[in-house]
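Participant: One line per chain: the protein sequences are R and P, in this order. Our numbering applies: residue -8 is where the first sequence begins, and numbers increase by one. Our numbering applies: residue 36 is where the second sequence begins, and numbers increase by one.
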Amino acid sequence: MANGAEQPLPHFDVATCADFARDLLGAKDRADVEGHLTTCPECAATARWLSAVRAFGVADQQYEPSAEALEHARGLFAIERPRAIVTSS
Amino acid sequence: MIPTAPGSSDALDEGAADAILVRACLDGNAEAWAAVMGKYKRLIYSIPIKFGAQPDDAAEIFQSVCADLVAELPKLRRHEALKPWLMRVTRHKTLHWKTQVRRESLWAQAADASDALAMADGAGAKLLEDVQREQALREAIASLPPRCREMVRLLFYEQPPLPYNEVARRLGLATGSIGFIRGRCLKKLRARLKTAGF
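1. Tell me which residue opens and which closes the alpha helix (DSSP H) that N200/P is part of.
2. Kindly indicate which residue of N64/P, F215/P, L221/P and L163/P has the alpha-carbon position closest to the one of R126/P.
3. Report all residues from its chain with a CB closer than 8 Å to the CB of L67/R; omit the five preceding and five following residues, and keep chain order.
4. Reducing DSSP to helix, strand and coil, say where P180/P ends up.
5. Quick one, which residues of the segment 51 to 85 of chain P are near chain R if we go by CB-CB under 7 Å, in chain order?
6. Which residues in chain R have a C-beta closer than 7 Å to the C-beta of G7/P? List them in chain order.
7. Taking the alpha-carbon positions, what's the P198/P to A69/P distance?
8. Going along chain P, which residues have a C-beta under 7 Å from F47/R?
9. Taking A171/P as the reference, which of G48/R, E59/R, P56/R and Q53/R has the closest Cα?
10. Name the chain R residues whose beta carbon is nearer than 9 Å to that of P181/P?
11. Closer than 8 Å is the cut-off here; do at least three beta carbon pairs connect the segment 28 to 37 of chain R with the segment 180 to 199 of chain P?
12. Counting Cβ pairs, one atom from each stretch, are 3 or more of them under 8 Å apart for the segment 185 to 196 of chain P and the segment 47 to 62 of chain R?
13. Taking Cβ positions, are R21/R and L190/P nearer each other than 8 Å?
14. Would the beta-carbon of R168/P fall within 8 Å of that of A6/R?
15. Residues in the same chain with beta-carbon distance under 8 Å from L121/P, minus the five sequence neighbours each way, listed in chain order, please.
16. Please work out which residues of its chain come closer than 7 Å, Cβ to Cβ, to H114/P, disregarding the five sequence neighbours upstream and downstream, and give them in chain order.
17. On the three-state DSSP scale, how would you describe C31/R?
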């Protein structure tokens, strides 16, 4: 380098990091981002939280109760409608 | 009178505070009960699933917890204690289910008891930590403005991931305008996750 100092690489924007987390990048772009993440803690942190949200979002689908179970739970309220306990002063 | 304006912080939706939802439930508001279900259904259901229950058993535990909640809601002294209450009761019912299932199987009863204890103490504690962390993420997403919330769900929950033109179509946006809105929504989500300790 001319001045001997290493120039910091420009950060990837959050949209690119989101695409990386969502596995939407082509092979070359993905390799570019992966290479950058090894040297840029800031972008690595961004990619990490977006990947965590992505992993959570996909996994969370398995914790959705069936429509029947939800319907039953909603119906409970109509039958057993709770009332605040009124205490006399 | 409880405000219910959509998108406001006091709206009776998944983003509302527990104290507001519980108070509204006790006032007989079915919308508030639906919001409690929306907010906590996955937290409740995830506990038996993580402990190894099949969907039918998990659904039974889910319904049983909801029935207890309706009955116990008036006695919930601190309304903000709803989440710990749900976790405690669901865990208890799950461990009870697990012990029963093991007893009915060919496993030795001594092994059953030690398994249940191990699940209650060691691995169980880790699972419940995961449950709490996942719920914090759900609540961070639920606290976003409605359109951002929907965008985050479309961007991150769909498998395979949706292309942007499809995300735009489902949100009723022009494809060209999605970049700006996505940037704002992700910024808001990041701020909420930081607040939630992520």
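Ideal Cβ placement from N, Cα and C applies to all residues, glycine included.
Facilitator: Judging by the given coordinates:
1. In this chain, the alpha helix (DSSP H) harbouring N200/P covers Y199 to L206.
2. Checking every option, the nearest Cα to that of R126/P belongs to L163/P.
3. Within the same chain, no residue comes within 8 Å of L67/R by CB-CB distance, once the 5 residues on both sides are set aside.
4. For P180/P, the three-state secondary structure derived from DSSP is coil.
5. Answer in chain order: C60, L61, G63, A65, W68, A69, M72, K76, R77, Y80, S81 and I84.
6. Lying before the first or after the last residue shown, residue 7/P is absent from chain P, which here runs from 36 to 233.
7. In this structure, the CA atom of P198/P is about 31 Å from the CA atom of A69/P.
8. In chain order: E169 and L172.
9. Per the Cα distances, G48/R.
10. Neighbours of P181/P on chain R: none; closest Cβ ~17 Å, over 9 Å.
11. No, because fewer than three Cβ pairs between the segment 28 to 37 of chain R and the segment 180 to 199 of chain P fall closer than 8 Å, the two stretches do not touch.
12. Short answer: they touch.
13. Not closer than 8 Å, so no.
14. Contact flag unset, no.
15. Y75, L78, I79, V100 and L104, listed in sequence order.
16. For H114/P, where only same-chain residues beyond five positions count, the Cβ hits under 7 Å are D53, A54, V57 and R58.
17. Looking at C31/R - three-state DSSP - the assignment turns out to be coil, as it is neither helix nor strand.
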